[in-house]
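Heads up: the structure comes next, in structure tokens.
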Amino acid sequence: MTDSDMTKTAKTKTSVKQFLGPEPMTGSEGTRGTHWLRREEGDRIWLVLDRQGVSTNTFNEEVFSELDALLDDVEKGHWRTVIFRSAKASGFAAGADLSQFRGVDAGPQLDRRIAEANDVIDRVAALKARTVAVVHGTCVGGGLELALACDRIVARDDTRLGFPEVLVGLHPGLGGTARLTHRIQPIEAMTLMLTGKTVSARKAFKLGIVDAVVPERNVAKAVDEAARGRIERRGAGFGADALNLRPARLAAGRRMRAEADKRAPHEHYPAPYALIELWERHGGSQAEMLEAERRSFAALLPLTATQNLVRAFFLRERLKTNGKGKNEVAHVHVIGAGTMGAEIGAWCALKGMHVTIEDPMTASLSKAVAGAHKLFARKLDGPERLRANDRFVPDVHGAGLRHADLVIEAAPEKTDLKRGIYERIEGAVGEEVIIATNTSSLDLNALSKGLKHPERFVGIHFFNPVSKLDLVEVVRHDGVAEDAFARALRFVGAIGKLPLPVKAAPGFLVNRALMPYLGEALLMIEEGEQPERIDAAAERFGMPVGPVELADQVGLDICLAVAESLAEGLDRPMPEIPEGLRIKVDRGELGRKTGTGLYAWDENGKALKNPVREEPDAAMADRLILPMIDAVAAALDEGVVEDDESADAAMVYGTGFAPFRGGPIEYARSRGFADVASTLEKQARLHGPHHAPSAWWRKT
């Protein structure tokens, strides 16, 4: 071999290595189209997805059309192996571009679009050449459907795979339902699709979804092994085919339907039931199920519930943009190791922050450490869990203040106590350090008085439980500096939460909206209404939990404090605070945290409820829900929140407001603003002036 030949060989190896990895492909050997790159390598051809203008691959008509043209070339050639990969560091593909699904109507045009996309995936499945999908990072939805159409799937060890379509009111629509239920054990396949959860590469290997799991350095070798037929198809395992027989499908379908009904009633969430029916009727034949899947998908897409769930997805994405940018916070110091302070600190440590948590009570700190370690054990494995444990440091004397980039005060809701804490903080930290309060009810403009640097003081209001509720209100007072406020937003984004900018006002947005809902339920109890019936009315509307149970979960003492703050701070009338609430708080019957409140609670934190004696009616739901919607409208009118989409996003992701209804303002829009206002006026005559509609309805 000559020096020239050796040089050429070295260059080829370098370019192949670069091409195999998820790196920008500009300058690599091969042919770049708009969204796809192709590289010919002996008897192999690589098709690499690199959708332009986005950081994460998704599929739309342009992407499919370009792939369709590439498949023409593949079919004309004499390739022995076709390899699919992504050029994006974020992953293989995150499914369909949901923007193409918004506002669609049923009919031939929709059927044609679905058929054209499926035809492309079917062409991949029908290729005579051996097909290999090399997946990494995010491989969900349409990305997994493309991979399933290939003969072999090689997964990098960081891959997450799944079908989250049910979360937006759909099921897989590019052959995923048929291919997955015939590739792996069908009950496992259905469970994966019905829950919308993702699994790790290792779990996917055990299930039989992927055929090999390797680190990036071994991808080239794994591809070579797959191309040579040396990696066996994992498959479903012994006895799986029997579960696709009709009697087994019908029996399993009944169980699945019962489980789905506990989480997602059919009238609100049709997708799980459509998926179950699809498998029950057609699961015995992959070809038949492929065809039926298209019809089922086309029927779901235009439904109002689906369109609202897709809208909710984009509302979430909009909240995420509030926290975009470089985070400058590495060390968080939390003051107060009560429930909220402990959970905030633990979450920050989970997300990679160094956390010191301060409290004068060592028992509180011990409990906080135990809770944090429990969270880390649930969320992390091996060395990463140990590192998280090390990042969460109890701090009796507040030594961590000297090193903090952000201080979060989570002390009891007493203005004088908090002001004393801020004075101590300012004496210990640099002038650039952000000082934040987690207050849920106090006025930030009042709290900022006396601070030497009120411009770096913000509200960062988390919701309980922190590990489950993604919304965080970032609160602006009159004197805050734009830079400090922006840094607080980026910090919230960096810990994986959804930051909502709000103006300092009583209750901000979420608590202001929730208190009329909770307060009305408490009044109804005072009137003699059965608590379980009240909760049933709200849950049948679509709320994840009724107001009585929610009040107990929040804590009746917190409810009382927020109600009193709103009654004092708002110009609008609030529901009268029932005497029964004050009595329970005085007795220490505070809800779930004390074991008794409006309900009794068992040792597992479950409310002990009686059967509903009488079915609730629509008027009861209106009495609970419309004051909450009106409170959102009043907050919009006063500029507490920027616009109705931000308000809807906050209520969906901060309170669980029925996402299939699109949020409170979207629900009011679909019902008719005039109807909402007139119903509130009727309720005001029946139940009191706190139901009177806000001025916002007359301005829209």
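Using the numbering used here, read the sequence shown as starting at 397 and increasing by one per residue.
For glycine and all other residues, C-beta sits at the position ideal for the given N, C-alpha and C.
*Given 8 Å as the limit, is there contact between the stretch 699-714 and the stretch 513-531, that is, 3 or more CB pairs closer than that?*
no
_Judging by CA-CA distance, which residue of Asp620, Glu612, Pro850 is the nearest neighbour of Trp442?_
Position 46 of the sequence shown, counting from 1, holds the residue named residue 442. Cα-wise, what sits closest to Trp442 is Asp620.
*Mind listing, in chain order, the continuous beta strand (DSSP E) runs of no fewer than 3 residues lying wholly within the stretch 529-561?*
534-536, 548-552, 556-558
*asked:* Using the Cβ count rule (16 or more neighbours within 10 Å means buried), how would you classify Gly1066?
replied: Walking along the sequence shown from the start, residue 1066 turns up at place 670. The amino acid at residue 1066 is misidentified as Gly; the sequence shows Ser. Exposed, by the Cβ-count rule.
*Return the residue from the list Trp432, Ala947, Ile605, Asp554 that minimises the CA-CA distance to Gly572.*
Translated into the one-based positions of the sequence shown, residue 572 becomes position 176. Gly572 has its Cα closest to that of Ile605, out of Trp432, Ala947, Ile605, Asp554.
*Specify the secondary structure class of Val765 as computed by DSSP and reduced to three states.*
Along the sequence shown, read from residue 1 onward, the residue named residue 765 stands at position 369. It is helical.
_Quick check on the DSSP output: what are the complete beta strand (DSSP E) runs of length 3 or more inside the stretch 721-772, in order along the chain?_
727-731, 750-754
_Classification of Gly538 by the beta-carbon crowding that lies within 10 angstroms, buried from 16 upward_ = As a working note, residue 538 is residue 142 in the sequence shown. Flag for Gly538 reads buried.
*Taking C-beta to C-beta, are Gly719 and Ala742 nearer than 8 Å?*
What you label residue 719 is simply residue 323 of the sequence shown in a count that begins at 1. What you label residue 742 is simply residue 346 of the sequence shown in a count that begins at 1. No.
*From Arg519 to His799, what does the alpha carbon distance come to, in whole angstroms?*
Counting from one through the sequence shown, the residue named residue 519 turns up at place 123. Counting from one through the sequence shown, the residue named residue 799 turns up at place 403. The alpha-carbon atoms of Arg519 and His799 are separated by roughly 59 Å.
_Residue environment, Thr1113, which counts as buried when at least 16 other CB atoms sit within 10 Å_ = Absent from the structure is residue 1113, since the part of the chain shown begins at 397 and ends at 1096.
*Does the Cβ-Cβ distance between Thr452 and Ala492 come in under 8 Å?*
Taking the sequence shown and counting its residues from 1, the one referred to as residue 452 is at position 56. Taking the sequence shown and counting its residues from 1, the one referred to as residue 492 is at position 96. In this structure, Ala492 does not lie closer than 8 Å to Thr452 by Cβ.
*Reduced DSSP category for Thr702 - H, G, I as helix; E, B as strand; rest coil*: Sequence index remark: in the sequence shown, residue 702 carries index 306 (1-based). Note: Thr702 maps to helix in three-state DSSP.
*CB Met939 to CB Phe1056, shorter than 8 Å?*
Reading the sequence shown from its first residue, position 543 is the one you call residue 939. Reading the sequence shown from its first residue, position 660 is the one you call residue 1056. No.
*The alpha helix (DSSP H) spanning Trp1092 covers which residue range?*
Taking the sequence shown and counting its residues from 1, one reaches residue 1092 at position 696. Unbroken alpha helix (DSSP H) run through Trp1092: 1092-1095.
*From Val459 to Gly429, what does the alpha carbon distance come to, in whole angstroms?*
Stepping through the sequence shown from its first residue, residue 459 is reached at position 63. Stepping through the sequence shown from its first residue, residue 429 is reached at position 33. Val459 and Gly429: Cα-Cα distance of roughly 10 Å.
_Using DSSP's beta-bridge definition, name the partner residues of Lys899._
Here residue 899 refers to the residue found at position 503 when the sequence shown is read from its first residue. Note: Lys899 sits in a beta bridge opposite Arg872.
*Contact under 8 Å by Cβ, Asp791 with Ile831*: Stepping through the sequence shown from its first residue, residue 791 is reached at position 395. Stepping through the sequence shown from its first residue, residue 831 is reached at position 435. Going by C-beta atoms, Asp791 is not nearer than 8 Å to Ile831.
*Which of helix, strand or coil does DSSP assign to His857?*
If you number the sequence shown from 1, residue 857 lands on position 461. Correct three-state label for His857: strand.
*Candidates Asp812, Ala529, Asp786: which alpha carbon is nearest Ile1097's?*
Since the first residue of the chain shown is 397 and the last is 1096, residue 1097 is not available in this structure.
*Excluding five sequence neighbours on each side, which residues of the same chain lie with their C-beta closer than 6 Å to the C-beta of Glu928?*
Sequence index remark: in the sequence shown, residue 928 carries index 532 (1-based). Counting only Cβ-Cβ distances below 6 Å, and skipping sequence neighbours, we find Lys1005, Asn1006, Val1008.
*asked:* In the DSSP output, what is Ser482 paired with across the bridge?
replied: Within the sequence shown, the letter at position 86 stands for residue 482. Leu445, per the DSSP bridge assignment.
*Of all the options Val1036, Tyr669, Ala644, Val888, which has the alpha carbon lying nearest to the alpha carbon of Ala654?*
Here residue 654 refers to the residue found at position 258 when the sequence shown is read from its first residue. Looking at the Cα atoms, Tyr669 is the closest of the given residues.
*Nearest neighbour of Phe937, chosen from Lys1095, Ala1014, Val444 [CA to CA]*: Position 541 of the sequence shown holds residue 937. Closest option to Phe937, Cα to Cα, is Ala1014.
*Give every residue of the same chain whose Cβ lies closer than 8 Å to the Cβ of Met736, excluding the five residues on either side of it in the sequence, and list them in chain order.*
Counting from 1 along the sequence shown, the entry for residue 736 is found at position 340. So the qualifying residues of the chain are Ala806, Asn834, Phe858, Asn860, Val862.
_Cutting at 8 Å between CB atoms, please list the residues of its own chain near Thr410, excluding the five before and the five after it._
Start at 1 with the first residue of the sequence shown, and residue 410 comes out as number 14. Because Thr410 carries a pLDDT of 36, less than 50, the predicted location of this residue cannot be relied on, and no value is offered for it.
*asked:* Am I right that Leu697 and Leu563 are in contact with their C-beta atoms under 8 Å? What's the rounded C-beta distance?
replied: Counted from its first residue, the sequence shown places residue 697 at position 301. Counted from its first residue, the sequence shown places residue 563 at position 167. 15 Å between Cβ atoms; not a contact.
*asked:* Whole angstroms are fine: how far does the CA of Asp998 sit from the CA of Pro756?
replied: Counted from its first residue, the sequence shown places residue 756 at position 360. Counted from its first residue, the sequence shown places residue 998 at position 602. Computed Cα separation, rounded: 31 Å.
*asked:* Using a Cβ-Cβ cutoff of less than 8 Å, which residues in the same chain neighbour Ala1064 once the five nearest sequence positions on both sides are dropped?
replied: Translated into the one-based positions of the sequence shown, residue 1064 becomes position 668. So the qualifying residues of the chain are Ile1025, Ala1029, Val1072.
*Once you ignore the five residues that flank Ala1088 on each side, which residues in its own chain have a CB closer than 6 Å to its CB?*
One-based indexing of the sequence shown puts residue 1088 at position 692. The residues are Ala1080.
_Assigned exposure category for Pro779 - 16 Cβ within 10 Å defines buried_ = On the sequence shown, residue 779 is found 383 positions in, with the first residue counted as 1. Classification of Pro779: exposed, given that the 10 Å Cβ count is below 16.
*Can you give the beta carbon distance from Leu746 to Phe772, rounded, assuming they're within the 8 Å contact cut?*
Along the sequence shown, read from residue 1 onward, the residue named residue 746 stands at position 350. Along the sequence shown, read from residue 1 onward, the residue named residue 772 stands at position 376. Yes, they are in contact, since the Cβ atoms of Leu746 and Phe772 sit about 6 Å apart, within 8 Å.
*Report yes or no: do the stretch 959-966 and the stretch 919-934 share at least 3 C-beta pairs separated by less than 8 Å?*
no
*Sequence-distant residues of the same chain with beta carbon closer than 7 Å to Asn785, five excluded per side*: Walking along the sequence shown from the start, residue 785 turns up at place 389. Hits under 7 Å: His769, Phe772.
*Indicate the three-state DSSP secondary structure (helix, strand or coil) for Pro1012 in the structure shown.*
Reading the sequence shown from its first residue, position 616 is the one you call residue 1012. Coil at Pro1012, not helix or strand.
_Simplified DSSP assignment, three categories, for Trp432_ = On the sequence shown, position 36 is the one that residue 432 refers to. Strand at Trp432.
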